[in-house]
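K.L.:
In order, the protein sequences belong to chains A and B.
31 is the number of the first residue of the first sequence in the working numbering; add one for each residue after it.
31 is the number of the first residue of the second sequence in the working numbering; add one for each residue after it.
Ideal Cβ placement from N, Cα and C applies to all residues, glycine included.
Fair warning: this is a prediction, and the values are worked out from it, not measured in the lab.
There are 2 protein chains.
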Amino acid sequence: MAEVVYYVAASVDGYIATPDGAVDWLSPFHTAGEDHGYAAFLATIGGIVMGRRTYDQVRGFGPWPYTAIDCRVVTSRPLPEAPDRVTPVASPVEALAGWADRRVWLVGGTTLLDGFRAAKLVREYHVFVMPLLLGAGVPLFHAGPPAHLRLVRVDSLPSGVVEFRYRVADAEPDDAMDSPASS
Amino acid sequence: MAEVVYYVAASVDGYIATPDGAVDWLSPFHTAGEDHGYAAFLATIGGIVMGRRTYDQVRGFGPWPYTAIDCRVVTSRPLPEAPDRVTPVASPVEALAGWADRRVWLVGGTTLLDGFRAAKLVREYHVFVMPLLLGAGVPLFHAGPPAHLRLVRVDSLPSGVVEFRYRVADAEPDDAMDSPASS
Numbered sequence: 031m032a033e034v035v036y037y038v039a040a041s042v043d044g045y046i047a048t049p050d051g052a053v054d055w056l057s058p059f060h061t062a063g064e065d066h067g068y069a070a071f072l073a074t075i076g077g078i079v080m081g082r083r084t085y086d087q088v089r090g091f092g093p094w095p096y097t098a099i100d101c102r103v104v105t106s107r108p109l110p111e112a113p114d115r116v117t118p119v120a121s122p123v124e125a126l127a128g129w130a131d132r133r134v135w136l137v138g139g140t141t142l143l144d145g146f147r148a149a150k151l152v153r154e155y156h157v158f159v160m161p162l163l164l165g166a167g168v169p170l171f172h173a174g175p176p177a178h179l180r181l182v183r184v185d186s187l188p189s190g191v192v193e194f195r196y197r198v199a200d201a202e203p204d205d206a207m208d209s210p211a212s213s
Numbered sequence: 031m032a033e034v035v036y037y038v039a040a041s042v043d044g045y046i047a048t049p050d051g052a053v054d055w056l057s058p059f060h061t062a063g064e065d066h067g068y069a070a071f072l073a074t075i076g077g078i079v080m081g082r083r084t085y086d087q088v089r090g091f092g093p094w095p096y097t098a099i100d101c102r103v104v105t106s107r108p109l110p111e112a113p114d115r116v117t118p119v120a121s122p123v124e125a126l127a128g129w130a131d132r133r134v135w136l137v138g139g140t141t142l143l144d145g146f147r148a149a150k151l152v153r154e155y156h157v158f159v160m161p162l163l164l165g166a167g168v169p170l171f172h173a174g175p176p177a178h179l180r181l182v183r184v185d186s187l188p189s190g191v192v193e194f195r196y197r198v199a200d201a202e203p204d205d206a207m208d209s210p211a212s213s
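(1) Which residues in chain A sit within 9 angstroms of residue 143 of chain B, going by Cβ to Cβ distance?
(2) Given residue 84 of chain A, which residues of its chain have a CB within under 6 angstroms of its CB, disregarding the five upstream and five downstream residues?
(3) At a CB-CB cut-off below 7 angstroms, which residues of chain B make contact with residue 43 of chain A?
(4) Ignore the nearest five residues each way along the sequence and tell me which others in residue 212 of chain B's own chain have a CB closer than 6 angstroms to its CB.
(5) Quick one: Cα of residue 87 of chain A to Cα of residue 171 of chain B, how far?
(6) Quick check on residue 156 of chain A - is its C-beta less than 8 angstroms from some C-beta in chain B?
(7) Would you kindly work out how many angstroms separate the C-alpha atoms of residue 66 of chain A and residue 100 of chain B, rounded to a whole number?
(8) Closest to residue 80 of chain A by CA distance: which of A/106, A/164, A/49 is it?
(9) What are the boundary residues of the beta strand (DSSP E) that includes residue 185 of chain B?
(10) In its own chain, which residues sit with a C-beta less than 7 angstroms from the C-beta of residue 109 of chain A, not counting the 5 before and 5 after it?
(11) Measuring only between beta-carbons, confirm whether residue 194 of chain A sits less than 8 angstroms from chain B.
(12) Excluding five sequence neighbours on each side, which residues of the same chain lie with their C-beta closer than 8 angstroms to the C-beta of residue 33 of chain B?
(13) Between residue 161 of chain A and residue 183 of chain B, is the Cβ-Cβ spacing less than 8 angstroms?
(14) Taking C-beta pairs closer than 9 angstroms, name the residues in chain A that residue 175 of chain B reaches, listed in chain order.
(15) Could you tell me which of B/194, B/41, B/63 sits nearest to residue 54 of chain B, measuring between CA atoms?
(16) Between which residues of its own chain and residue 97 of chain B is the CB-CB distance below 8 angstroms, once the five residues before and five after are set aside?
(17) Along the stretch 57–90 of chain A, what residues have a CB closer than 7 angstroms to any CB found in chain B?
(18) Taking C-alpha atoms, which residue in A/186, A/47, A/174 lies nearest to residue 49 of chain B?
(19) Determine the DSSP secondary structure at residue 44 of chain A, reduced to helix, strand or coil.
(20) Listing by chain order, which chain A residues have their CB less than 8 angstroms from the CB of residue 134 of chain B?
(21) For residue 184 of chain B, which residues in chain A fall below 7 angstroms Cβ to Cβ?
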């Protein structure tokens with residue numbers, strides 16, 4: 031089964047973007063010369079999945095940043111002038127087709143995460159918590175099925191950012207024989 | 031000004047109780063003989079504030095647990111047969127009257143927190159994050175005013191619980207989102 035990781039930055043009050051989708055509030059926590067392990071994380075990733083709104087937003091930021099990684103965009107509409115290695119797909123399950131041995135970054139958004147959670151396809155939550163209350167915005171989590179997690183890492187950075195890594199306990203290797211679609 | 035601390039346990043997806051208010055999902059993370067610093071925390075507290083729903087719930091748990099500390103319940107209704115040292119008050123501001131030199135535990139709930147946040151009366155967020163997704167419930171935070179926080183502690187316990195302490199930055203201009211957090 032693909033190894034799906036929800037890797038994202040959030041505020042203490044659990045938002046990943048302002049109500050209009052902006053993430054520029056993250057910028058003050060980017061320290062020059064310090065990537066918070068991003069390059070090392072990206073080196074483990076064999077595929078990227080995102081929702082359409084996230085895709086449109088990343089496209090708006092400038093040059094496509096994931097030129098070296100296959101990316102699937104879950105959408106019901108065509109992707110005109112998509113960058114190389116970017117493909118539209120119809121569902122979370124289709125987004126992982128043929129990627130059984132890949133580690134996959136679920137970039138967002140929250141509604142796409144809902145689909146992966148409902149299908150028990152998320153293996154890891156890797157969250158960077160910024161030291162602020164954003165007050166309103168796009169939630170890190172919607173309501174969804176409960177799950178037991180196993181803390182594998184917590185670290186704090188000089189900027190006050192806290193990094194969490196949780197594995198989904200219900201989806202650990204012992205349970206690998208269960209079909210995600212039927213469990 | 032009173033030193034108000036929101037000290038609470040939550041799930042990774044940001045809930046402090048199930049939809050019906052239950053907190054028994056916290057029990058598996060209570061290690062025998064380990065209080066997670068609770069006694070030391072309580073020794074710093076000179077007053078307790080809670081909302082009516084929280085009060086009614088604590089009353090339902092059994093004997094009143096805060097016999098040694100003054101407690102004010104923000105409510106519009108009488109408190110029949112209230113324990114000693116428990117007083118009804120009408121508002122967050124009234125809840126702190128005369129307590130300028132006390133450290134005050136804001137026990138809950140989230141709506142009462144909203145009132146304290148709106149009045150910029152919260153000085154610290156001290157949160158224990160349990161390693162699970164609860165899926166639904168009473169939120170740790172509602173939408174509210176933005177604020178910069180300063181991380182003063184993050185620690186993990188053998189049970190996988192993560193403990194956070196954030197101080198609310200002393201200066202909180204309305205345009206706080208435009209300037210970097212100082213740490």
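P.N.:
Looking at the atomic coordinates:
(1) Simply none; closest approach about 11 angstroms.
(2) These residues qualify, in order along the chain: 137, 138, 139.
(3) The contacting residues are 171.
(4) Residue placement at residue 212 of chain B is flagged as unreliable, the pLDDT there being 42, under the threshold of 50; the coordinate-derived value follows with that caveat. The beta carbon of residue 212 of chain B is closer than 6 angstroms to none in its chain, skipping five residues each way along the sequence.
(5) Rounded to the nearest whole angstrom, the CA to CA distance from residue 87 of chain A to residue 171 of chain B is 27 angstroms.
(6) With 8 angstroms as the cut-off, residue 156 of chain A does not count as an interface residue toward chain B.
(7) So the alpha carbons of these two residues sit roughly 44 angstroms apart.
(8) Cα-wise, what sits closest to residue 80 of chain A is A/106.
(9) 177–186 is the extent of the beta strand (DSSP E) around residue 185 of chain B.
(10) Cβ neighbours of residue 109 of chain A beyond the five flanking positions: 103, 116, 118.
(11) True, the Cβ-Cβ gap to chain B drops below 8 angstroms.
(12) Correct list, in chain order: 132, 133, 134, 153, 154.
(13) Contact flag unset, no.
(14) The answer, in chain order, is 163, 165.
(15) Just measuring C-alpha positions, the residue of B/194, B/41, B/63 sitting nearest residue 54 of chain B is B/41.
(16) Non-local beta-carbon contacts of residue 97 of chain B in its own chain, meaning distances under 8 angstroms to residues more than five positions away in sequence, involve 113, 114, 115 in chain order.
(17) For the stretch 57–90 of chain A, which is checked against every Cβ of chain B, the residues closer than 7 angstroms are 58.
(18) Residue 49 of chain B has its Cα closest to that of A/174, out of A/186, A/47, A/174.
(19) The DSSP-derived three-state label of residue 44 of chain A is coil.
(20) Chain A residues near residue 134 of chain B: none, gap ~19 angstroms exceeds 8 angstroms.
(21) The answer, in chain order, is 184, 186, 192.
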